[in-house]
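S.K.: Residues in the sequence shown are numbered consecutively from 653, following the numbering used here.
I'd like to ask you about the structure that follows.
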Amino acid sequence: MSISIKSDADIEKLRIACRLASEVLDYITPYVKPGVTTEELDTLCHDYMVNVQGCIPAPLNYAPPGYTPYPKSICASVNHQICHGIPNVRPLKKGDIVNLDITTIKDGWHGDTSRTFIVGETSILAKRLVDVTYECMWLGIAQVKPGVRLGAVGAAIQKHAEKNGFSVVREFCGHGIGQVFHEEPQVLHYGKSSDGPMLQTGMTFTIEPMINAGRAAISELPDGWTIVTKDRSLSAQFEHTVRVTQTGVEVLTVSAGAPPCPPQVVLTP
Ligand code: MF3
Ligand code: CO
Ligand code: CO
653 MSISIKSDAD
663 IEKLRIACRL
673 ASEVLDYITP
683 YVKPGVTTEE
693 LDTLCHDYMV
703 NVQGCIPAPL
713 NYAPPGYTPY
723 PKSICASVNH
733 QICHGIPNVR
743 PLKKGDIVNL
753 DITTIKDGWH
763 GDTSRTFIVG
773 ETSILAKRLV
783 DVTYECMWLG
793 IAQVKPGVRL
803 GAVGAAIQKH
813 AEKNGFSVVR
823 EFCGHGIGQV
833 FHEEPQVLHY
843 GKSSDGPMLQ
853 TGMTFTIEPM
863 INAGRAAISE
873 LPDGWTIVTK
883 DRSLSAQFEH
893 TVRVTQTGVE
903 VLTVSAGAPP
913 CPPQVVLTP
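Below is the structure:
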């Protein structure tokens, strides 16, 4: 098994799928308000992807080995839910944090991105967790360039999370992406910078740290999908799809409404 290298023509198609995924998040942002249900957000995103963008929502009926088919078109993970939350009829309330994770398929190529939204106003702790998680993602992205080991991404993320008193989820990681939703490599969000495969121009993968306010341990809900913190502490996540360029990194999941790279992080394009 090895990590696929995408051609310039492949990247052109991947870039389109990725921009569309980010535009779904732009589209849904004004709807993320107290009182809306995650099922309503799912329906809005589904209809936008299918009817406006001409995309397939990759999560719908997605069934990796050992899983039942995923029943919705987006993932919506609220508060202590870490990832893979199934949209439901519970209204969001002021102070909740909710991660919306969008994966589009356009012309056979996958674009995968997520943001954590604050519903109304929230606690100082929740705001700090969301901000630090966002910085973690970008610090990981900033490591990406040819000749560096993939472990540098996880090491940078872990350092920033733990410096701030938070913990990194170990059981779920970023992943290679292209015509396949989840492919090699596994992108750990912790570990040593000297570990992992050497990055090469044309590799494409996601960076999607899940950071907990409490301990790192997880539990799975009986629905077979939703992952929560074992100690029920808050968890946040952000995700971008990136490619290794000849000199550094290109973030593919960008759009007009995507929040910017934090000023303290400098990317080599
Ligand atoms: N989008 C998630 C990821 O970042 C995967 C969701 S799989 C689903 O890898 F079936 F839960 F949608
Ligand atoms: Co992903
Ligand atoms: Co995702």
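Beta carbons are placed, not taken as given, at the ideal position from N, Cα and C, and that holds for glycine.
This structure is a prediction, so every number in the text was calculated from the model and none was measured.
Let's test the definition: count the other Cβ atoms within 10 Å of the Cβ of residue 703 and tell me whether it reaches 16, buried, or not, exposed.
M.R.: Stepping through the sequence shown from its first residue, residue 703 is reached at position 51. Counting Cβ neighbours within 10 Å, residue 703 comes out exposed, since fewer than 16 surround it.
S.K.: Taking 8 Å as the threshold (C-beta atoms), are residue 866 and residue 885 in contact?
M.R.: As a working note, residue 885 is residue 233 in the sequence shown. As a working note, residue 866 is residue 214 in the sequence shown. Closer than 8 Å, so yes.
S.K.: Flag residue 674 as yes when its Cβ comes closer than 7 Å to any non-hydrogen atom of ligand 3, and as no otherwise.
M.R.: The sequence position of residue 674 within the sequence shown is 22, counting from 1. Residue 674 Cβ: outside cutoff for every heavy atom of ligand 3.
S.K.: Mapping DSSP to helix, strand and coil, what is residue 812?
M.R.: As a position in the sequence shown, residue 812 is number 160, starting the count at 1. Helix.
S.K.: Whole angstroms is fine: what's the gap from residue 676's alpha carbon to residue 883's?
M.R.: As a first step, residue 676 must be located in the sequence shown, where it is residue number 24. As a first step, residue 883 must be located in the sequence shown, where it is residue number 231. So the two alpha carbons sit approximately 32 Å from each other.
S.K.: Starting from residue 693, trace the beta strand (DSSP E) both ways and give me its first and last residue.
M.R.: What you label residue 693 is simply residue 41 of the sequence shown in a count that begins at 1. Note, residue 693: premise wrong, no beta strand (DSSP E); alpha helix (DSSP H) at 690-699.
S.K.: Quick check on the burial criterion: 16 or more other C-beta atoms within 10 angstroms. Buried or exposed for residue 766?
M.R.: Here the question's residue 766 lines up with position 114 in the sequence shown. Buried, by the Cβ-count rule.
S.K.: Per DSSP, residue 752 is paired with what?
M.R.: Taking the first residue of the sequence shown as position 1, residue 752 is located at position 100. Answer is 728, 767, bridged to residue 752.
S.K.: Residues in its own chain within less than 8 Å of residue 837 by CB, not counting five upstream and five downstream?
M.R.: Counting from 1 along the sequence shown, the entry for residue 837 is found at position 185. 655, 802, 827, 828, 848, 849, 855, 857, listed in sequence order.
S.K.: Please find out if some non-hydrogen atom of ligand 1 comes closer than 7 Å to the beta-carbon of residue 787.
M.R.: In the sequence shown, counting from the first residue as 1, residue 787 sits at position 135. No, Cβ of residue 787 sits at least 7 Å from all heavy atoms of ligand 1.
S.K.: Please name the residue or residues paired with residue 858 in a DSSP beta bridge.
M.R.: As a first step, residue 858 must be located in the sequence shown, where it is residue number 206. Looking at the DSSP assignment, residue 858 forms a beta bridge with 893.
S.K.: Straight-line CA distance for residue 663 to residue 771?
M.R.: Taking the first residue of the sequence shown as position 1, residue 663 is located at position 11. Taking the first residue of the sequence shown as position 1, residue 771 is located at position 119. Cα-Cα distance, rounded: 35 Å.
S.K.: Are residue 697 and residue 757 close, meaning C-beta to C-beta below 8 Å?
M.R.: Translated into the one-based positions of the sequence shown, residue 697 becomes position 45. Translated into the one-based positions of the sequence shown, residue 757 becomes position 105. No, the pair does not count as a contact, with Cβ atoms beyond the cut-off.
S.K.: Would you identify the three-state DSSP class for residue 881, choosing helix, strand or coil?
M.R.: Sequence index remark: in the sequence shown, residue 881 carries index 229 (1-based). Here residue 881 sits in strand by DSSP.
S.K.: Here's the rule: buried if 16 or more other CB atoms are within 10 angstroms of the residue's CB, otherwise exposed. What is residue 755?
M.R.: Residue mapping note: residue 755 aligns to position 103 of the sequence shown, counting from 1. By the 10 Å Cβ count, residue 755 comes out buried.
S.K.: Rounded to whole angstroms, how far is the Cβ of residue 796 from the Cβ of residue 896, which I believe are closer than 8 Å?
M.R.: Position 144 of the sequence shown, counted from the first residue, corresponds to residue 796. Position 244 of the sequence shown, counted from the first residue, corresponds to residue 896. About 6 Å separates the two Cβ atoms, so the contact holds.
S.K.: Looking at the structure shown, is residue 850 part of a helix, part of a strand, or coil, going by DSSP?
M.R.: Your numbering for residue 850 matches position 198 in the sequence shown. Residue state, collapsed to three classes: strand.
S.K.: Could you pull the DSSP bridge partners for residue 761 from this structure?
M.R.: Working through the sequence shown from its first residue, we reach residue 761 at position 109. Its beta-bridge partners are 758.
S.K.: Evaluate residue 908 with the Cβ neighbour count: other Cβ atoms within 10 Å of its Cβ, from every protein chain shown; 16 or more gives buried, anything less gives exposed.
M.R.: The residue given as residue 908 occupies position 256 in the sequence shown. Exposed, because fewer than 16 other Cβ atoms sit within 10 Å of the Cβ of residue 908.
S.K.: Run the CB neighbour count on residue 916, radius 10 Å, all protein chains shown included, and call it buried at 16 or more, exposed below.
M.R.: Taking the sequence shown and counting its residues from 1, one reaches residue 916 at position 264. The residue in question, residue 916, is exposed, as its Cβ has fewer than 16 Cβ neighbours within 10 Å.
S.K.: Taking 7 Å as the cut-off, does the CB of residue 827 come closer than this to any heavy atom belonging to ligand 4?
M.R.: Ligand 4 is not part of the structure shown, which contains ligand 1, ligand 2 and ligand 3 as its ligands.
S.K.: Express the C-alpha separation of residue 712 and residue 824 in angstroms, rounding to a whole number.
M.R.: Position 172 of the sequence shown holds residue 824. Position 60 of the sequence shown holds residue 712. Taking the straight line from one Cα to the other gives about 19 Å.
S.K.: Whole angstroms is fine: what's the gap from residue 881's alpha carbon to residue 724's?
M.R.: Locating residue 881 in the sequence shown gives position 229, counting from the first residue. Locating residue 724 in the sequence shown gives position 72, counting from the first residue. Rounded to the nearest angstrom, the two C-alpha atoms are 22 Å apart.
S.K.: Please identify the residue among 869, 913, 891, 685 whose C-alpha is closest to the C-alpha of residue 773.
M.R.: Residue 773 sits at position 121 when you count from the first residue of the sequence shown. Taking only the C-alpha atoms, the option nearest residue 773 is 685.
S.K.: What separation, rounded to the nearest whole angstrom, lies between the Cα atoms of residue 665 and residue 835?
M.R.: What you label residue 665 is simply residue 13 of the sequence shown in a count that begins at 1. What you label residue 835 is simply residue 183 of the sequence shown in a count that begins at 1. Taking the straight line from one Cα to the other gives about 17 Å.
S.K.: Where do the ends of the beta strand (DSSP E) carrying residue 787 lie?
M.R.: Position 135 of the sequence shown, counting from 1, holds the residue named residue 787. Premise fails: residue 787 lies in the alpha helix (DSSP H), 776-793, not in any beta strand (DSSP E).
S.K.: Can you tell me whether residue 711 sits near ligand 1, meaning its C-beta is under 7 Å from at least one heavy atom of the ligand?
M.R.: Along the sequence shown, one-based indexing puts residue 711 at 59. At least one heavy atom of ligand 1 is nearer than 7 Å to the Cβ of residue 711, so yes.
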